[in-house]
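Residue numbers (the working numbering), protein chains in the order written: chain A, 1 to 278; chain B, 279 to 436.
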């Protein structure tokens, strides 16, 4: 017998990991891609018997934000949250000019992808999934309920996520010199490798590189509010940190938009949800 | 489990494959031939070893099977008949290449897969089976798809 008696039937590490991923995937599938709007108190309830720093920070968060919408934790949450939050904002403000502006950005992204050597057929269906939503805003055919339904539809949601992955990768490769130090510094990968392994496949999580690139590609200001257990100056004055990804900040050719962020996301390590100001 | 008949292609998948087929006919990747049949869901692709490589003048066949929700999900790609002797290709035709599994992206195409496979062949410095070939092939005897394998990828160089 080659099994050590004291280990009994203990599973191997890779089996434990496989089980861990299977459970995570199963859990994730119970949650719709985009949840219902919930009061911020539901977030506080989650930490009721937990970390004191989190509790204080959520209290602080409540001064500015009143509600949140959860997203499925399947590695695509940043893109799904962005899709919903951006389009919902567009719908609520009836901002047809912005819908037109972002369509122009989409056209530029399309040209970049062609310049980078992608065949149009590889992304045109994904692109159309996004512009269909924009058309709906412009011609008034997209209702708030329909947007929720579309965002929960696997085919539509995955298509839009894939379009965002395409243009995020395109923006990074187009401005490889700018992104390279961030990518090499955090991942040790080349720009090409990073895009191939961490941007283009579905389910790969997003970090500040992805967010910067998508914000620049579409010209949309994204605010990320960070909820973590860091306690700043020792706990007396706990501030919730946020970072604004301002499009064009690093690109000369685009005018800097000085507007309120249309997309506000709550980041907890490994996950993005949607936040609503009071 | 894996022997159940494959589901037909979704409308999106069929639409995409028609476009890929058209693109392939106009602009096939160098070293590959695909005989167009009426089976859109399974392509048999002829691979010709590149000149000045270990596989020069050799011909192999890839079988590409598309899942219902291609391109969101990767196709299954295996060598049929006599798979090339290569440290990442098993004698049952399964290929250890990350883009076919974990690193698949809908941004890829049959054509880009073929180019990656040819590049993998061309950079090989020895004609040999993977060291774990016998164990792996034995485990696959019940007709297991390579997509059900949890791959531990070899280095990128070969």
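The C-beta atom is built at its ideal place from N, Cα and C for all residues, glycine as well. Computed from a predicted structure; not experimentally measured.
Hey, which unbroken runs of the alpha helix (DSSP H) at 4 residues or more fall wholly within the region 169-252 of chain A?
176-187, 191-194 and 208-218
With DSSP as the reference, label residue 73/A as helix, strand or coil.
Here residue 73/A refers to the residue found at position 73 when the first chain is read from its first residue. Of the three classes helix, strand and coil, the one that applies to residue 73/A here is coil, per DSSP.
For residue 170/A and residue 330/B, I'd like the C-alpha separation in whole angstroms.
Counted from its first residue, the first chain places residue 170/A at position 170. Counted from its first residue, the second chain places residue 330/B at position 52. Per the coordinates, the alpha-carbon of residue 170/A lies some 34 angstroms from the alpha-carbon of residue 330/B.
How far does the alpha helix (DSSP H) with residue 136/A in it extend, from its first residue to its last?
Residue mapping note: residue 136/A aligns to position 136 of the first chain, counting from 1. Run containing residue 136/A: 124-139, per the alpha helix (DSSP H) assignment.
Hey, residue 295/B and residue 332/B: beta-carbon distance below 7 angstroms or not?
Translated into positions along the second chain, residue 295/B becomes position 17. Translated into positions along the second chain, residue 332/B becomes position 54. With contacts defined by Cβ atoms closer than 7 angstroms, residue 295/B and residue 332/B do not form a contacting pair.
Return the CA-CA distance between residue 344/B and residue 320/B, expressed in angstroms with no decimal places.
Translated into the one-based positions of the second chain, residue 344/B becomes position 66. Translated into the one-based positions of the second chain, residue 320/B becomes position 42. Going from the Cα of residue 344/B to the Cα of residue 320/B covers about 6 angstroms.
Check each candidate in 151/A, 31/A and 83/A and name the one with the smallest Cα separation from residue 165/A.
Within the first chain, residue 165/A is the residue found at index 165, counting from 1. Nearest C-alpha to residue 165/A: 83/A.
Hey, how far is the Cα of residue 257/B from the Cα of residue 307/B?
It is not possible to answer for residue 257/B, since the shown part of chain B is limited to 279 through 436.
For residue 422/B and residue 362/B, what's the separation of their Cα atoms in angstroms?
For the purposes of this step, residue 422/B is identified with residue 144 of the second chain, where counting begins at 1. For the purposes of this step, residue 362/B is identified with residue 84 of the second chain, where counting begins at 1. Note on geometry: alpha-carbon atoms of residue 422/B and residue 362/B lie some 20 angstroms from one another.
Say whether chain A places a C-beta atom closer than 7 angstroms to the C-beta of residue 313/B.
Within the second chain, numbered from 1, the residue matching residue 313/B stands at position 35. Judged by the 7 angstroms Cβ criterion, residue 313/B is not in contact with chain A.
Ignoring anything shorter than 3 residues or poking outside the region 321-380 of chain B, list the beta strand (DSSP E) runs there in chain order.
337-343 and 354-358
Look up residue 47/A in the DSSP assignment and say whether it is helix, strand or coil.
For the purposes of this step, residue 47/A is identified with residue 47 of the first chain, where counting begins at 1. Coil, per DSSP.
Looking at residue 52/A: is its Cβ nearer than 7 angstroms to the Cβ of residue 272/A?
For the purposes of this step, residue 52/A is taken as residue 52 along the first chain, with counting starting at 1. For the purposes of this step, residue 272/A is taken as residue 272 along the first chain, with counting starting at 1. The answer is no: Cβ separation not under 7 angstroms.
With 7 angstroms as the limit, tell me which residues of the region 369-395 of chain B have their beta carbon closer than that to any beta carbon of chain A; keep them in chain order.
381, 382, 383, 384, 385 and 387
Determine the direct distance from the alpha carbon of residue 399/B to that of residue 427/B, and round the result to whole angstroms.
Here residue 427/B refers to the residue found at position 149 of the second chain. Here residue 399/B refers to the residue found at position 121 of the second chain. Looking at the two C-alpha atoms, the distance is approximately 21 angstroms.
Going along the chain, which residues of its own chain have a beta-carbon closer than 6 angstroms to the beta-carbon of residue 281/B, five neighbours each way excluded?
Reading the second chain from its first residue, position 3 is the one you call residue 281/B. Its pLDDT being 39, under 50, residue 281/B is placed unreliably by the model, and nothing is read from it.
How would you label residue 409/B, buried or exposed, when you count the other beta carbons within 10 angstroms and need 16 or more for buried?
Mapped onto the second chain, residue 409/B falls at position 131. Exposed, since its Cβ has fewer than 16 Cβ neighbours within 10 Å.
Do you know whose CA, among 62/A, 213/A, 150/A and 154/A, lies nearest residue 175/A's CA?
The residue given as residue 175/A occupies position 175 in the first chain. Per the Cα distances, 213/A.
Quick one: residues in its chain with C-beta nearer than 8 angstroms to the C-beta of residue 277/A, no 5 flanking neighbours on either side, listed in chain order?
Within the first chain, numbered from 1, the residue matching residue 277/A stands at position 277. The residues are 64, 65, 66 and 264.
Name the residues in the region 328-355 of chain B whose C-beta lies less than 7 angstroms from a C-beta of chain A; which are they?
350
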